[in-house]
Structure formats: structure tokens, C-alpha cells
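Letter 63 of the sequence shown, counting from 1, is numbered 63 in UniProt numbering, and no numbers are missing. Heads up: the structure comes next, in C-alpha cells.
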Amino acid sequence: MPATDDAGLVFIGRLRSPFAEFDGCPKNRRAALEAGGGGSVEIDRPWREALAGLSVGDHVFCLSWLHGARRDLALQKPRHAETARGTFSLRSPARPNPIGLHLARIIALDPEAGILRLDAIDVVDGTPLLDIKPYFASVDRPAED
């Protein structure tokens with residue numbers, strides 16, 4: 001996989017974390033915060049200008065390529081469930097296109113060096129970065145029904 005289509009994705013940098021192995025890496029933001037899993041983003045030189053407009057204290061979504069994940073599972077049985085569920089109903093990294101979505105707060109920023117320090121990140125050190133998008137509470141937070 002993939003068979004014939006190619007999205008032409010470009011890695012724009014790497015995510016750095018204290019987690020060297022998949023075993024022991026937090027599975028979500030809360031677990032990363034509890035583990036003291038601060039990290040950083042290293043942006044490749046051609047993309048550093050794209051950091052303009054970001055500030056310390058901003059929350060951002062980091063989209064990553066979960067390079068160690070399986071890509072062939074349509075059904076998975078989570079440890080907490082009795083039966084298998086569809087991949088699209090889970091946050092497992094195993095999916096057809098293993099794109100990770102990570103919410104983090106910027107705690108330091110050096111645009112010239114292409115470094116963003118983050119309060120927490122739930123990835124293995126060196127995970128490829130696909131994109132960064134700002135989090136806007138006014139539009140990203142679900143409205144109360």
C-alpha cells in the first residue's frame with residue numbers, strides 16, 4: 001500500500017520528543033503531559049518563513065506521518081474493547097494513511113532556526129512532520145448543543 005495513487009506529500013521537518021521507542025510512547029496529549037513529554041518541532045529551512053504569525057502561547061495542530069504504523073487494518077480490537085471496531089472509529093496509528101494529529105502549545109519559538117518548543121507531544125523522536133495548523137478555539141472547539 002498505497003497501490004496507484006500518490007498524494008505527493010512533502011515532509012517539512014521532524015518532531016522531536018523524549019520517546020525513542022514506540023513502546024513507552026504516550027498515546028495521546030494528556031498522557032504526554034503527564035509523562036513530562038515536552039518536545040519540539042524542527043522545520044526544514046525552505047519552510048521556516050511559514051512560521052511567521054505564530055507566537056509563544058499559541059496552540060497548534062501538528063500533522064505527522066506515523067512512519068512505524070501498519071497500513072493494512074480495516075478492523076482493529078482495542079485493548080479496552082471486547083470486539084473489533086472499524087479503523088475510522090479509532091485513534092490508532094494503524095490506518096490506510098497514518099497521519100497523526102497532535103495538539104500542542106508553543107512554549108518557545110525561534111523562527112530563524114526553525115524551532116518550536118512544545119508543552120507536550122505524543123510521538124516517537126524523529127517522526128516526520130507534514131504540516132502545522134493553528135488552533136482557533138472560536139472555530140475548532142465544538143459548539144455546545
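C-beta: ideal position from N, C-alpha, C; glycine also.
- If we count the other Cβ atoms within 10 Å of its Cβ and call it buried at 16 or more, is Ala113 buried or exposed? exposed
- Message: Beta-carbon within less than 6 Å of Gly100's beta-carbon, same chain only, minus the 5 sequence neighbours each way: which residues are those?
- Response: Ser64 and Leu66
- Mind checking Arg127: buried by the 16 CB within 10 Å criterion, or exposed? The question names Arg, but residue 127 in the sequence shown is Thr. Buried is the call here.
- Task: With Ser138 as the anchor, note down where its beta strand (DSSP E) starts and where it stops.
- Result: Counting along the chain, Ser138 falls outside any beta strand (DSSP E), though it belongs to the alpha helix (DSSP H) covering Ala137 to Asp140.
- Distance between Ala52 and Pro111 (C-alpha atoms, nearest Å): 7 Å
- Item | Cβ-Cβ separation, Leu33 to Leu109 (assumed contact under 8 Å), whole Å | About 19 Å; that fails the 8 Å criterion.
- Query: With 16 as the cutoff for other CB atoms within 10 Å, does Arg85 come out buried or exposed?
  - Reply: exposed
- Fully enclosed by the stretch 91-121, which beta strand (DSSP E) runs are 3 residues long or longer? 99-110 and 115-118
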